[in-house]
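Chemist: A single structure is presented below for examination.
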Amino acid sequence: MSVTTERQDPGVFVAPEKPRRGRVKCVVWDLDNTLWNGVLLEDGDVTVRPAVVEHIRELDRKGVLHSVASKNDRDAAMAKLTELGLADLFLYPQINWNPKSGSIRNIAKALNLGLDAFAFVDDQEFERGEVAHELPDVTCVDVTDLDEALTRPEFRPRFVTDESARRREMYHSQLARDELEEGFVGTNEEFLASLEMSFTISPARQEDLQRAEELTVRTNQLNSTGRTYSYDELDALRESPDHLLLVASLTDRFGDYGKIGLVLVEKGRDVWWLRMLLMSCRVMSRGVGMVLLNHVLRLAADAGVAVRADFVETGRNRMMQVTYAFAGFREAERNGAHVVLEADLGAVQPPPPYVRLEIGT
2 MSVTTERQDP GVFVAPEKPR RGRVKCVVWD LDNTLWNGVL LEDGDVTVRP AVVEHIRELD
62 RKGVLHSVAS KNDRDAAMAK LTELGLADLF LYPQINWNPK SGSIRNIAKA LNLGLDAFAF
122 VDDQEFERGE VAHELPDVTC VDVTDLDEAL TRPEFRPRFV TDESARRREM YHSQLARDEL
182 EEGFVGTNEE FLASLEMSFT ISPARQEDLQ RAEELTVRTN QLNSTGRTYS YDELDALRES
242 PDHLLLVASL TDRFGDYGKI GLVLVEKGRD VWWLRMLLMS CRVMSRGVGM VLLNHVLRLA
302 ADAGVAVRAD FVETGRNRMM QVTYAFAGFR EAERNGAHVV LEADLGAVQP PPPYVRLEIG
362 T
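So the sequence shown is numbered by the numbering used here: it starts at 2 and just counts up by one.
This is the structure:
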């Protein structure tokens, strides 16, 4: 089966907007009169709202993360969440007396997610209004409208993959990594070596495609063009003799990151075109984007072809542009936000010693 990926004229190359479906990646919850009935510091014996908890657990099963932004006494609130058996559901809970917009900013930074990936649920109009004013990209929901809101496309991912179902667990593993890094004495390379990382690159299989589509939809900062691909498009490209679709996964001594990288190459007779390169933001600081890119360059060098890459400046993917630059790519053409980069195949770098590279077949 032959498939062409049309290279549009640079003057008209436009990266499509991310689809609305499944856009919300994290829901931030108020506590008093939202997660539970009553005000903790006034009533003491608050009662949890079972329907809200079930919504949280259902979204969690679909890979949507959760956190807390509550004006409350932190120790008392965390003790109540622990007593209710709910504390483990929430990542980086922000329980303080500061504006909730600031709390959501802190959560977004900790999770390395864009603000447009967040929803905020609160019973008070004032709090929702403050967040909406300061963070207009955040979806604000009145808890009384929760049942209706959760039927909207942005709360409903198209696929629930293995990575989706384990996403919270993966972030908890990341907390352990962060704690180790914070107290680590040594160089960054020594810290990365201590993680005992194993990076696997394989041709995409059909069972990888749901996660591959999810990666194109969810990844913003480390996506070279911002383009999304559907399951059917990826399946056709996977079977095309003129294309190479690779999937990358990562593990370390703390656990499995899952499938975190995707690359699409259009193989011409004299030039290979990198149509897409993306990495999950969760591995931004691990250096594996360079490992994936250099693997493609080695394959091209072995095939005796040049390599060019499409890059579209989206305003959020600066780190991917830096990755290309460190790999020896230089700008060959530009028209507005669309850039064509060309690789120096004499500058191909071996995998760093702190990563064990495995090539699947």
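Ideal Cβ placement from N, Cα and C applies to all residues, glycine included.
1) Grouping DSSP H, G and I as helix and E and B as strand, with all else coil, what is V292?
2) Are the beta-carbon atoms belonging to A338 and E314 less than 8 Å from one another?
3) What did DSSP end up calling P204 once you bin it into helix, strand or coil?
4) So, with DSSP's three-state summary, where would you put V15?
5) Please name the residue in E43, A111 and R239 whose C-alpha comes closest to that of E180.
6) Assuming V49 and L36 are in contact, meaning their beta carbons sit under 8 Å apart, how far apart are those beta carbons, in whole angstroms?
7) Return the residue from the list D311, K72, A205 and Q207 that minimises the CA-CA distance to N336.
8) Name the one or two DSSP bridge partners that A70 has.
9) Any idea which residues DSSP pairs N34 with across the strands?
10) Do you know offhand how far T362's Cα is from L245's?
11) Would you grab the beta carbon distance between Y325 and V284 for me? Rounded to a whole angstrom, and I think it's under 8 Å.
12) Reducing DSSP to helix, strand and coil, say where R276 ends up.
13) Just list the beta strand (DSSP E) runs in the region 167 to 242, keeping only unbroken ones of 3 residues or longer that don't cross its boundaries, in chain order.
14) Could you check where the beta strand (DSSP E) with N318 kicks off and where it finishes?
15) Could you please give the first and the last residue of the uninterrupted alpha helix (DSSP H) stretch that includes G103?
16) Taking its Cβ as the centre, do 16 or more other Cβ atoms sit within 10 Å of W30, making it buried, or is it exposed?
17) Taking only the alpha-carbon atoms, compute the straight-line gap between A133 and E191 and give it to the nearest angstrom.
18) Look at V292 and A301 and say whether their C-beta atoms are less than 8 Å apart.
19) Would you tell me roughly how many angstroms separate the C-alpha atoms of Y355 and E197, rounded to the nearest one?
20) So what does DSSP say about G86, is it helix, strand or coil?
21) Less than 8 Å between the C-beta atoms of K26 and L87, yes or no?
22) Between the alpha carbons of V323 and S225, how many angstroms are there, rounded?
23) Where R228 and V218 are concerned, what is the direct C-alpha to C-alpha distance, given to the nearest angstrom?
24) If we count the other Cβ atoms within 10 Å of its Cβ and call it buried at 16 or more, is A80 buried or exposed?
25) Is R21 closer than 8 Å to E149 when the C-beta atoms are compared?
26) Ignore the nearest five residues each way along the sequence and tell me which others in R168's own chain have a CB closer than 7 Å to its CB.
27) Please classify L151: does DSSP put it in a helix, a strand, or coil?
28) Using only CA atoms, which one of S203, R270 and L275 lies nearest to V248?
29) For the region 134 to 144 and the region 116 to 124, state whether three or more C-beta atom pairs, one from each stretch, are separated by less than 8 Å.
30) Write down the C-beta distance between L279 and L294 rounded to the nearest angstrom, noting that I regard them as a contact closer than 8 Å.
31) Note down the Cα distance separating D44 from D117, rounded to an integer number of angstroms.
32) Any heavy atom of the ligand HEM closer than 7 Å to the CB of R335?
33) Where G262 and T201 are concerned, what is the direct C-alpha to C-alpha distance, given to the nearest angstrom?
34) Count the other C-beta atoms from every protein chain shown that fall within 10 angstroms of the C-beta of L223, then say buried if there are 16 or more, exposed otherwise.
35) Which term fits A77, buried or exposed, when burial requires 16 or more other beta carbons within 10 angstroms of its beta carbon?
36) Return the Cβ separation of V349 and R299 in integer angstroms, given the expectation that the two are a contact with Cβ distance under 8 Å.
Modeler: A quick look at the data gives this:
1) DSSP places V292 in the helix class (H, G or I) of the three-state scheme.
2) It is a contact, given that the beta carbons lie within the stated cut-off.
3) Reduced to three states, the DSSP call for P204 is strand.
4) In this predicted model, V15 has a pLDDT of only 41, less than 50, meaning its place in the structure is not dependable enough to derive any value.
5) Measuring from the Cα of E180, the nearest candidate turns out to be A111.
6) That pair is a contact at about 7 Å.
7) Comparing alpha carbon positions, the residue from D311, K72, A205 and Q207 closest to N336 is D311.
8) Answer is Q95.
9) None, per the DSSP bridge assignment.
10) Rounded to whole angstroms, the separation of the alpha carbons of L245 and T362 is 12 Å.
11) At roughly 17 Å, the Cβ-Cβ gap does not stay under 8 Å, so Y325 and V284 are not in contact.
12) R276 falls in the strand class under three-state DSSP.
13) Complete beta strand (DSSP E) runs here, min 3: 198 to 204.
14) Annotation for N318: no beta strand (DSSP E) segment contains it, and DSSP assigns it neither H nor E.
15) Annotation: the continuous alpha helix (DSSP H) that includes G103 extends over K101 to L112.
16) Classification of W30: buried, given that the 10 Å Cβ count is 16 or more.
17) Between A133 and E191, the C-alpha separation is close to 43 Å.
18) Annotated as distal: V292 and A301, with beta-carbon spacing of 8 Å or more.
19) One C-alpha to the other measures close to 7 Å.
20) In the three-state reduction of the DSSP assignment, G86 falls in the coil class, being assigned neither a helical nor a strand state.
21) K26 places its beta carbon 8 Å or farther from that of L87.
22) Going by C-alpha positions, V323 is about 11 Å away from S225.
23) Answer to the nearest angstrom: the Cα atoms are 8 Å apart.
24) Exposed, because fewer than 16 other Cβ atoms sit within 10 Å of the Cβ of A80.
25) No.
26) Correct list, in chain order: G64 and L66.
27) Correct three-state label for L151: coil.
28) Between V248 and the set S203, R270 and L275, the nearest pair of CA atoms involves S203.
29) Contact between the region 134 to 144 and the region 116 to 124 is present: three or more C-beta pairs spanning the two stretches fall below 8 Å.
30) Between L294 and L279 the Cβ distance is about 11 Å, and since that is not below 8 Å, they are no contact.
31) Cα to Cα, D44 sits roughly 35 Å from D117.
32) No copy of the ligand HEM occurs in the structure displayed, which carries no ligand at all.
33) The straight-line gap from Cα to Cα measures roughly 10 Å.
34) So L223 counts as buried.
35) With fewer than 16 other Cβ atoms within 10 Å, it is exposed.
36) Contact holds; Cβ gap of about 6 Å.
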